[in-house]
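In full-length UniProt numbering, the protein residues as written are 1 to 1191.
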């Protein structure tokens, strides 16, 4: 690197060419094709030079003809395959600074290079006079280098890398080779590294290198053509346009004119928005609220591909900008050819979408229609779903969010539930009685002439409906075709080779364990195989005896015969059955350390499971390192992809011996790989069930087939090209990189003076240049600590949350002052104090463990109206109290709101029947049926017998909100007085408290009330009672002696007493209302009103926590609210059962988070079940005063 030169394709270009033709080898073509993918590295040519190079009007005709003869069909196919190839370079997965990345090993590079995105936030060291020449001849100036920490399993390595924007995350050059000293295995592109313990760690490529394309003598890339034109090294050239036509061969001249006539039906790209054909995809979400999720994080390559595909879809009018409240994130799935397919994660939308019950064709009926046919043609529609429109009212529901804004689909996107039935409905409408199964259109006939007519008819219908087909995937005039998993020909219908390939290719067992695996598979279907025990006896004899599981066996001709008979039985009826549409499918899957297996099954009329198809696949080197859960999920996904034509749009069950797979859909933070897989699995909507491993015989055997290594068995493996690359890819730009956040402007102090910096940031740099210093590639801020100037690093926006999280956790989740005191002396960024305060407010642990603040109130007081006497009774229980000799341990208390008249009864059990009997005997028989009864939400008060009795009395039963005893304050206050009296009466004899209840009840009835200024006894009877300590009874008519009274006197006295009682009750009501108004004023003066909107996320106060349990739980989503009572109805975030009762605002607080909350932070029941107490000792519980109990 010191001389600023790197090997490029120019150095490998031959000095001379024969017949003025440029010749290159395969490695160079691969290199140039890869280089062409780098748009930023494309040369800018002068228009006058290009015009002069393209001026070919004076070429000789005879020379053109001579050149054209060199281009043959075989070479056209070679060029087509070459241009399809994305890259042929071996890439490797390593961890760089604890982040998994893709690295290129390049012995042609003198140093190591790292992409700028990987060093964002890391200390950078400035470098000078360093440049690199890339493949297109440009020289790139290098400004910085960074220290990287590399890791692969137990191998570690630290190395300096120059920061250069390349196509790859990391390019390991010769400095790394000298330091790591890897040992290559050239045949398989593997590098062996030695860790500090002397163990060998293998670096295996992420994909197998494709073999060289032979006989490529005279084809050059577009890059070499441009260079040759610029240097005037090319005399003439030809442009070759290729067209592939699927299964149409040169011998099928009969059908070619028909296809040419309908060439407008076949296209490589959909021309634009499809017309309205009367079939549109509807998304029925009922009353569900809109779902919205933030975009997923993407790599630079994915963002570039996302922008390209968005522009393409916008140009075709298949999507449009959106302002919809709905929103789903975007992710990419890699295709087989290495390109990226954009998918939308519609899982949230699919969960609230009602399933479409439109029937799909029966597979058995489809196959029966093919009887007697000899000629077949299959037509595959181009991007079939994109040719179906979305119903206009449902277009906003398809909205998806990206870094470039929100968009919504006008056509049916990939990933929506109910898509197969909609597509099938369109096909049925367009093609009528034609044989169509989803996107498979099969044309069948008995003669060629008849077949041509049928093909013409179908193409005419497609043209009329403006539907387009993909010629590359169509085949015409075939005598054998694969349809819905079956091989169809004139000879009949049989399972496709893919369905039984794993059984056909089952290798001959070499030890006892492999024999047992095969017998386990065969024995599972032994009831369908005649004389199974006799046929399998030679193999069963091999498993007898004791010894190692993998001990050798003697394979005799009798064993081979039994082996072949059993394999043949598994591939034919009655074991292997035809699929049926009247019973659901059952898929059993399993994964081993090196393979996955699956079997597709259905029940017969006797209720027995028959296999329909088998599947097995060897895991790649990278896949074998997946965690168990991911390997098991990969087995499910592979089975669904393989048997899509059977299960798509139909009910089916997937059974696995890995129980956690049942809960994968509800996983809160899945990995990006799991997110992509689950998004695809959601399209099939499977029911995942657990099946014990001991019963999971068949898929277990299929996953453990002795796979052969394709790398070793492939005869072309020895001719693989060397994996040593000879070039370097890079892109450059003299513009300063854009900031991720406006506050990151000090980072521009690291930029070279030659770079162009935006004006606003440049002004800030000039204004504060005396406060910042660049030290070893890091921007440092001058701050004053204890009177001395100190340099601390400036922290970029993207790294601040990590530092905050780290210090907040290490400091025991203490408050903002503590965190600030540690951060301010160690680092700097603007608005640190505000950021720390706001970030700590969003900490879930701090929120659920925050103080409960029971003295603070979020809603104004709502006094209950004062009713007429005996019309509203307040009921509550006291207990559980010590068990008395009479068997009592509960007190049921009732009090009339107007007169404060109390009723107390001791009970052995707090049941609904005892409550109903109490109301009947103590209230109804004495005071009549009340208008209203007010209780809490205890199970006994909410029992069925209570509901029936209250309904019989035609009484309104009102309930408090959960844990909000203030609503029932009348009886709660009385409970405290009763318990206080009982403590003083029993004098320590707590087991005889029921003996004192009459005295307590009498005292409560005759006590003076400060609010009403009289006793309940007087408000009920109109007289003051004579107490046991009194010396005389009060006389009704004190002016006369009792024996001198007359009936007239008694009548007059009673009238006066009743009038006085009525006046006293009215006075008590007025006094009560005055006291309510005063209490409300005092309460409201100290109340900070707290109200929530529907869809807000809130935490609920934990009323009865154990020991160190959090004081709040949730979050929950607000779905309803009643502002008259300041109560809210909640439901969990996972869409489960709503909270059982309304909750008052005093028990709620807002859940704060800077990102979307998709799952609960804490739930007491779930956490207690997950972490049970050790031994038989129940956890200690914080005792809450019964006055705060609400249910």
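Note that beta-carbon positions come from the ideal geometry of N, C-alpha and C, so glycine has one too. Note that this is a predicted model, so its numbers are computed, not measured.
Test item: CB-CB of residue i and residue j under 7 angstroms
i	j	result
residue 858	residue 1090	yes
residue 1105	residue 1151	no
residue 914	residue 925	no
residue 934	residue 958	yes
residue 682	residue 347	yes
residue 272	residue 316	yes
residue 940	residue 910	yes
residue 182	residue 193	yes
residue 816	residue 840	yes
residue 94	residue 152	yes
residue 794	residue 781	yes
residue 107	residue 175	no
residue 481	residue 461	no
residue 1133	residue 1117	yes
With 16 other Cβ atoms within 10 Å as the buried cut-off, status of residue i
i	result
residue 378	buried
residue 366	buried
residue 965	buried
residue 631	buried
residue 517	buried
residue 568	exposed
residue 652	buried
residue 604	exposed
residue 191	buried
residue 930	buried
residue 747	buried
residue 1198	Residue coverage of the chain in this structure runs from 1 to 1191, which leaves residue 1198 outside it and unanswerable.
residue 611	buried
residue 1078	exposed
residue 261	exposed
Sequence-distant residues of the same chain with beta carbon closer than 7 angstroms to residue i, five excluded per side
i	result
residue 342	306, 309, 330, 332
residue 551	511, 512
residue 119	146, 163
residue 692	657
residue 1164	1102, 1109, 1113
residue 303	403
Beta-carbon separation (whole angstroms), residue i vs residue j, contact threshold 8 angstroms
i	j	result
residue 422	residue 292	Their Cβ separation, rounded to whole angstroms, is 24 angstroms, which puts residue 422 and residue 292 out of contact at 8 angstroms.
residue 1201	residue 912	The question about residue 1201 has no answer, for the chain in this structure spans 1 to 1191.
residue 634	residue 596	6 angstroms
Helix, strand or coil at residue i [DSSP, three-state]
i	result
residue 192	strand
residue 96	strand
residue 38	Caution is warranted here: a pLDDT of 37 is assigned to residue 38, below 50, making its placement in the model unreliable, and the coordinate value is therefore given only provisionally. Of the three classes helix, strand and coil, the one that applies to residue 38 here is coil, per DSSP.
residue 1079	helix
residue 681	helix
residue 935	strand
residue 226	helix
residue 463	helix
residue 311	helix
residue 328	strand
residue 489	strand
residue 89	coil
residue 559	helix
residue 405	strand
Neighbourhood of residue i by C-beta distance below 6 angstroms, restricted to the same chain and skipping five residues each side
i	result
residue 881	889
residue 126	144, 777
residue 427	436
residue 470	380, 382
residue 1122	none
CB contact below 7 angstroms: residue i versus chain B
i	result
residue 291	In the structure shown, chain B does not exist; there is a single protein chain.
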